[in-house]
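These notes concern the structure reproduced below.
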Amino acid sequence: MGGSYSPQALSGASARMPAAQKMATLFSQIDTSNSGSITQSQFTQAFQTMKPTAGFSAMGANAVFQALDPSGSGTVSRQNFIQGIAQLMTQFRNGGTAAG
Numbered sequence: 001m002g003g004s005y006s007p008q009a010l011s012g013a014s015a016r017m018p019a020a021q022k023m024a025t026l027f028s029q030i031d032t033s034n035s036g037s038i039t040q041s042q043f044t045q046a047f048q049t050m051k052p053t054a055g056f057s058a059m060g061a062n063a064v065f066q067a068l069d070p071s072g073s074g075t076v077s078r079q080n081f082i083q084g085i086a087q088l089m090t091q092f093r094n095g096g097t098a099a100g
């Protein structure tokens, strides 16, 4: 009801879980190959099907992935995913943008 902030970056994680656990669960859903890292292709596919929140939608899948993979390796580990999503969520909550 309304525009209240939801700690869920993408749907598919229960609202009752701690944020880090939600992100770990989300990572596992995206990591369909169970490799311990996700590729940009896996992330983009999940981004399109899991209904990201407004801040993430505004950034777009490519920009979010680049924020999660600043080294440009093409993959994101579980730890970097959880930390990166948390940082982006904090920026959105504080009214900032994740760009630059």
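Be aware that the sequence shown starts at 1, since it is given in the numbering used here, and climbs by one per residue. All C-beta atoms in this analysis are idealised placements derived from N, C-alpha and C, irrespective of residue type, glycine included.
C-alpha gap between residue i and residue j, whole angstroms
i, j, result
"T102", "T53", "Here the chain comprises residues numbered 1 to 100, so residue 102 is not present and cannot be evaluated."
"A63", "F47", "11 Å"
"D69", "V76", "6 Å"
"T90", "F27", "18 Å"
"N94", "I38", "27 Å"
"M23", "I82", "5 Å"
"P18", "G84", "16 Å"
"N34", "S57", "25 Å"
Beta-carbon spacing of residue i, residue j below 9 Å
i, j, result
"G162", "F92", "Here the chain comprises residues numbered 1 to 100, so residue 162 is not present and cannot be evaluated."
"Q79", "G72", "no"
"G74", "Q29", "no"
"A61", "A20", "no"
"L88", "M59", "yes"
"D31", "Q42", "yes"
Residues bridged to residue i (per DSSP)
i, result
"I30", "BP columns for I30 are empty, so no partner."
"T39", "T75"
For this session: Identify every run of the beta strand (DSSP E) within the segment 51-88, keeping only runs that are complete inside it and at least 3 residues long; order them along the chain.
Result: 75-77
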